[in-house]
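S.K.: Dropping a structure here in structure tokens format, bear with me for questions.
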Amino acid sequence: MVLLTLATLAAGAAGAGVTWSRCGKKSLGRQMKGFAESLISKALAGSSCKLGGVDFKLSGCEMQIGVSGVEVGNLPPYKSESLLKIASVYLAVNLQSLLRSGFKQVIIEELLVDGLQLTVEKIHLTTNNVKELLRKIAEKKSDQSGEVEQPTNQTMMGALPQGMPTLNTVAGGVSNAADGMAQLGKATATRVAAIGQPAKRQEPKDSMVCLKKVEVRSIVVHSVNAMMSDNKTASLSLKAPPIRFLNFSESHGVQNAADMIQLLLREILGSASRVVSDLAKDSASSAGSYLGGAASTISEAATSVGGALGGVVMSSADSVCVFWNWLSQPALPSK
């Protein structure tokens, strides 16, 4: 959503003939910054968002936007300093297609995210702050979808009075033509009045976003385990591999701004947080292999000791048998 916000505001200012002076750019940048922070916070289910600065420039038919110092806060009850920090975001917007479509379609040619730090905080066995944020975003999207109601015939034709005659009423009123015509006249007048009223203005549809090249690099994932204490410092920091898409919309489709931001966020957070879960699985597997090897070694040692003891016992038993046979032999006659 921040992408569409920044692109639309800057393009609109350019179309209105705003002077690209130093003062004008600073003023517009501050307005874009404040508006984008509020918009992102709403899109992320109420998580706080801060932008360090916004800068942009026009280069032919392309608008280049740079955002620095992006910080997304945690939702309660998580207490880490932040969930997500990004050093810089760069995007190139096809300004020509944006203006031609009347701001109904935004084509982002390139999105580059550099210096991303994700903090995965765990206070329960089954969830963490990343999973919780994604769950709340999904719930918010579901609630918004439920609020959209399809118009009914009654809404389109206008609200009809409770006493409006039906076919049965008209058939029953044939015996009294005057009364029946009076009721029918009232109903007709009500319909005409409803049709004459101005229709409710429909909300404009969201602009569609087409996102092409995406690259997220210099990713560091911090793991915080606060299940046993009120720990806020990272106990483990890992480097994650970069995330690249040659054409994001080709594999994920063209979306409206809110859905595109949430989809991109899920991809980034999911890919980065998997580094921690994969490490946990590898550690568990290594521990299991180590314990299995130790158990096998103990078993072999026990077998060796048992074999040695068995040999001693068998040897002793043989000696006893020989001695018993010697005692059992009859004595030789004396000379």
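Just so we're aligned: the sequence shown equals residues 1 to 335 in the working numbering. Even for Gly, the Cβ is constructed at its ideal location relative to N, Cα and C.
(1) Pick helix, strand or coil for Glu-62, following the three-state DSSP scheme.
(2) Do Val-224 and Ser-237 have their beta-carbon atoms positioned less than 8 Å apart in this structure?
(3) Give the DSSP-derived three-state secondary structure of Met-208 in the structure shown.
(4) If I measure Cβ to Cβ from Asp-114 and keep anything under 7 Å in the same chain, skipping five residues before and after, which residues do I get?
(5) One question on the structure: do Lys-79 and Gln-117 come within less than 8 Å of each other, judged by their Cβ atoms?
(6) Is there contact between the segment 250-257 and the segment 118-131, where contact requires at least three CB pairs shorter than 8 Å?
(7) Which residue or residues does DSSP assign as beta-bridge partners of His-252?
(8) The beta strand (DSSP E) with Ser-237 in it runs from where to where?
(9) What residues match up with Ile-107 in a beta bridge as DSSP calls it?
(10) Determine whether the beta carbon atoms of Gln-64 and Cys-210 lie at a separation below 8 Å.
(11) Whole-angstrom Cβ separation of Ala-258 and Ser-207, contact assumed at under 8 Å?
(12) Can you tell which of Met-32, Leu-75 and Gly-46 has its C-alpha closest to the C-alpha of Val-341?
(13) Can you tell me whether Pro-161 is buried or exposed, with buried defined as 16 or more other CB within 10 angstroms of its CB?
(14) With a threshold of 16 other CB atoms inside 10 Å of the CB of Glu-132, please say whether the residue is buried or exposed.
(15) Leaving out five residues before and five after Ala-178 in sequence, what residues of the same chain have Cβ atoms less than 6 Å from its Cβ?
(16) Would you identify the three-state DSSP class for Ile-243, choosing helix, strand or coil?
(17) Closest to Gln-262 by C-alpha separation, out of Ser-97, Ala-138, Lys-122 and Leu-58, would be which residue?
(18) Compute the distance between the beta-carbons of Ala-45 and Lys-136, then report whether it is under 8 Å.
(19) What ranges does the alpha helix (DSSP H) occupy inside the segment 57-102, keeping only unbroken runs of at least 4 residues that lie completely in it?
M.R.: So, to answer that:
(1) One-based indexing of the sequence shown puts residue 62 at position 62. Three-state result, Glu-62: strand.
(2) Start at 1 with the first residue of the sequence shown, and residue 237 comes out as number 237. Start at 1 with the first residue of the sequence shown, and residue 224 comes out as number 224. No.
(3) Reading the sequence shown from its first residue, position 208 is the one you call residue 208. Note: Met-208 maps to strand in three-state DSSP.
(4) Reading the sequence shown from its first residue, position 114 is the one you call residue 114. Excluding its 5 nearest sequence neighbours in each direction, Asp-114 has C-beta neighbours in its own chain below 7 Å: Ala-87, Ser-88, Arg-217 and Ser-218, listed in chain order.
(5) By 1-based counting over the sequence shown, the position of residue 79 is 79. By 1-based counting over the sequence shown, the position of residue 117 is 117. It is not a contact, given that the beta carbons lie outside the stated cut-off.
(6) As far as the Cβ criterion goes, the segment 250-257 does not touch the segment 118-131, which means the pair count is below three.
(7) Within the sequence shown, the letter at position 252 stands for residue 252. Looking at the DSSP assignment, His-252 forms no beta bridge with any residue, so it has no partner.
(8) Here the question's residue 237 lines up with position 237 in the sequence shown. Taken as a continuous stretch (DSSP letters only), the beta strand (DSSP E) holding Ser-237 covers 236-240.
(9) As a first step, residue 107 is located in the sequence shown; it is residue number 107 there, counting from the start. Answer is Cys-210.
(10) Locating residue 64 in the sequence shown gives position 64, counting from the first residue. Locating residue 210 in the sequence shown gives position 210, counting from the first residue. Not closer than 8 Å, so no.
(11) Position 258 of the sequence shown, counted from the start, is the residue given in the question as residue 258. Position 207 of the sequence shown, counted from the start, is the residue given in the question as residue 207. With a Cβ gap of about 10 Å, Ala-258 and Ser-207 do not count as contacting.
(12) This structure cannot speak to residue 341, because the chain is shown only from 1 to 335.
(13) Taking the sequence shown and counting its residues from 1, one reaches residue 161 at position 161. Residue placement at Pro-161 is flagged as unreliable, the pLDDT there being 45, under the threshold of 50; a coordinate-derived value is accordingly withheld.
(14) Counting from one through the sequence shown, the residue named residue 132 turns up at place 132. Buried, since its Cβ has 16 or more Cβ neighbours within 10 Å.
(15) For the purposes of this step, residue 178 is taken as residue 178 along the sequence shown, with counting starting at 1. In this predicted model, Ala-178 has a pLDDT of only 46, less than 50, meaning its place in the structure is not dependable enough to derive any value.
(16) Sequence index remark: in the sequence shown, residue 243 carries index 243 (1-based). Note: Ile-243 maps to strand in three-state DSSP.
(17) Along the sequence shown, read from residue 1 onward, the residue named residue 262 stands at position 262. It is Ala-138 whose Cα lies nearest to the Cα of Gln-262.
(18) On the sequence shown, residue 45 is found 45 positions in, with the first residue counted as 1. On the sequence shown, residue 136 is found 136 positions in, with the first residue counted as 1. Yes. Within cutoff.
(19) The alpha helix (DSSP H) runs lying completely inside the segment 57-102 and spanning 4 residues or more are 95-100, given in chain order.
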